[in-house]
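Numbering (full-length UniProt numbering), first residue to last: 1 to 259. Cβ coordinates follow ideal geometry from the N, Cα and C atoms, glycine included.
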């Protein structure tokens with residue numbers, strides 16, 4: 001299903017996006033050496049409840065996962081890049097942590113992810129990886145607007161990732177979003193311009209470039225959810241939810257400044 005939101009729903013999406021961004025920034029500020037991933041999950045649950053919002057993850061049970069996700073935030077560390085299921089693990093100095101969060105507020109969802117390095121150490125290539133995903137995300141957003149096609153966004157993202165020398169996995173990518181978290185159209189992190197669905201005002205998209213240092217293959221943890229690089233290499237992931245407007249694209253998942 002491809003859902004086109006009304007102006008009133010887009011306005012609600014702005015509030016949801018700000019909430020997602022604020023929660024992620026709060027979690028980032030509390031993610032230090034020794035922080036337990038289960039505490040990050042607990043804090044997320046508390047902030048979602050306090051805002052009167054609902055988790056998109058707790059009862060989420062798609063075909064690629066093993067049962068309901070059962071947690072409030074994805075916590076992916078180092079070689080884990082997607083769907084990282086929180087577990088009893090304390091962060092170490094130099095860990096590359098990705099936090100991915102989706103919530104619904106007033107019936108509209110928003111989805112965002114940030115990657116950052118914990119502590120003072122900076123493992124070789126970690127900062128460059130994160131910055132590459134951020135630049136690819138910015139390129140995808142810049143390519144979005146009414147009349148653009150999905151392939152234009154995919155091509156813009158893939159051009160940045162290819163130029164930086166990273167392999168690109170085509171199995172998981174961005175997606176439509178609206179009253180539910182995952183919708184059509186799928187937005188691959190590489191593609192051909194001029195192809196695919198033509199964007200219209202009121203369409204919401206979650207764009208999410210993610211990379212692994214030296215492979216495009218994933219393996220799944222025994223938890224049935226956490227996806228890791230097949231070679232054990234570092235990974236990074238950045239994501240924003242955007243709204244297609246009459247004039248271009250608006251980033252919805254920016255912090256409100258209240259966090």
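Handout entry: C-beta atoms of residue 188 and residue 81 nearer than 8 Å
Key = Stepping through the chain shown from its first residue, residue 188 is reached at position 188. Stepping through the chain shown from its first residue, residue 81 is reached at position 81. No. Outside cutoff.
Handout entry: residue 20 - DSSP class collapsed to helix/strand/coil
Key = Looking up residue 20 in the chain shown gives position 20. Three-state DSSP puts residue 20 in a helix.
Problem - 6 Å CB neighbourhood of residue 169 in its chain, flanking five on each side removed - result: In the chain shown, residue 169 corresponds to position 169, counting from 1. Excluding residues within five positions, the ones whose Cβ falls inside 6 Å are 216.
Problem - the segment 61-74 in contact with the segment 37-45 per 3-pair CB rule at 8 Å - result: yes
Handout entry: Through-space distance from residue 181 to residue 3, alpha-carbon basis
Key = Taking the first residue of the chain shown as 1, we reach residue 3 at position 3. Taking the first residue of the chain shown as 1, we reach residue 181 at position 181. In a straight line, the C-alpha of residue 3 is about 11 Å away from that of residue 181.
Exercise for the section: Compare the beta carbon distance of residue 19 and residue 103 with 8 Å and say whether it is the shorter of the two. Expected result: As a first step, residue 19 must be located in the chain shown, where it is residue number 19. As a first step, residue 103 must be located in the chain shown, where it is residue number 103. Contact: yes.
Exercise for the section: Could you pull out every residue in the same chain whose Cβ sits closer than 8 Å to the Cβ of residue 171, ignoring the five residues on either side in sequence? Expected result: Within the chain shown, the letter at position 171 stands for residue 171. 218.
Practice task
Just the C-alpha distance for residue 11 and residue 231, rounded to the nearest angstrom, thanks.
Solution key: Position 11 of the chain shown, counted from the first residue, corresponds to residue 11. Position 231 of the chain shown, counted from the first residue, corresponds to residue 231. Between residue 11 and residue 231, the C-alpha separation is close to 43 Å.
Exercise for the section: Could I get the ranges of all uninterrupted beta strand (DSSP E) runs contained in the segment 179-222, with 3 residues as the minimum, in chain order? Expected result: 183-187, 204-207, 210-212, 218-220
Problem - Spatial distance of residue 191 from residue 151 (CA atoms) - result: Here residue 191 refers to the residue found at position 191 when the chain shown is read from its first residue. Here residue 151 refers to the residue found at position 151 when the chain shown is read from its first residue. About 5 Å.
Problem - Where the alpha helix (DSSP H) through residue 34 begins and ends - result: As a first step, residue 34 is located in the chain shown; it is residue number 34 there, counting from the start. Counting along the chain, residue 34 falls outside any alpha helix (DSSP H), and DSSP gives it neither H nor E.
Handout entry: Residue span of the alpha helix (DSSP H) that contains residue 150, given as start and end
Key = For this step, residue 150 is matched to residue 150 along the chain shown. Unbroken alpha helix (DSSP H) run through residue 150: 150-163.
Exercise for the section: Give the secondary structure of residue 85 by DSSP, where H, G and I count as helix, E and B as strand, and everything else as coil. Expected result: Within the chain shown, numbered from 1, the residue matching residue 85 stands at position 85. Residue 85: coil per DSSP, three-state reduction.
Exercise for the section: List the endpoints of the continuous beta strand (DSSP E) containing residue 177. Expected result: As a position in the chain shown, residue 177 is number 177, starting the count at 1. Per DSSP, residue 177 belongs to the beta strand (DSSP E) from 174-177.
Handout entry: For residue 228, the three-state DSSP class (helix, strand or coil)
Key = Working through the chain shown from its first residue, we reach residue 228 at position 228. Strand at residue 228.
Exercise for the section: Output yes or no for whether 8 Å exceeds the beta carbon distance between residue 65 and residue 210. Expected result: On the chain shown, residue 65 is found 65 positions in, with the first residue counted as 1. On the chain shown, residue 210 is found 210 positions in, with the first residue counted as 1. Their beta carbons are not under 8 Å apart, which means residue 65 does not touch residue 210 by this criterion.
Problem - Residue span of the beta strand (DSSP E) that contains residue 243, given as start and end - result: Taking the chain shown and counting its residues from 1, the one referred to as residue 243 is at position 243. Unbroken beta strand (DSSP E) run through residue 243: 240-244.
Exercise for the section: Please name the residue or residues paired with residue 71 in a DSSP beta bridge. Expected result: Locating residue 71 in the chain shown gives position 71, where the first residue counts as 1. Partner(s): none; residue 71 has no beta bridge.
Problem - Three CB pairs or more closer than 8 Å across the segment 76-90 and the segment 26-44 - result: yes
Handout entry: Whether residue 206 touches residue 175 by CB criterion (8 Å)
Key = Taking the chain shown and counting its residues from 1, the one referred to as residue 206 is at position 206. Taking the chain shown and counting its residues from 1, the one referred to as residue 175 is at position 175. Going by C-beta atoms, residue 206 is nearer than 8 Å to residue 175.
Problem - Secondary structure of residue 54, DSSP reduced to three states - result: Position 54 of the chain shown, counting from 1, holds the residue named residue 54. Residue 54: strand per DSSP, three-state reduction.
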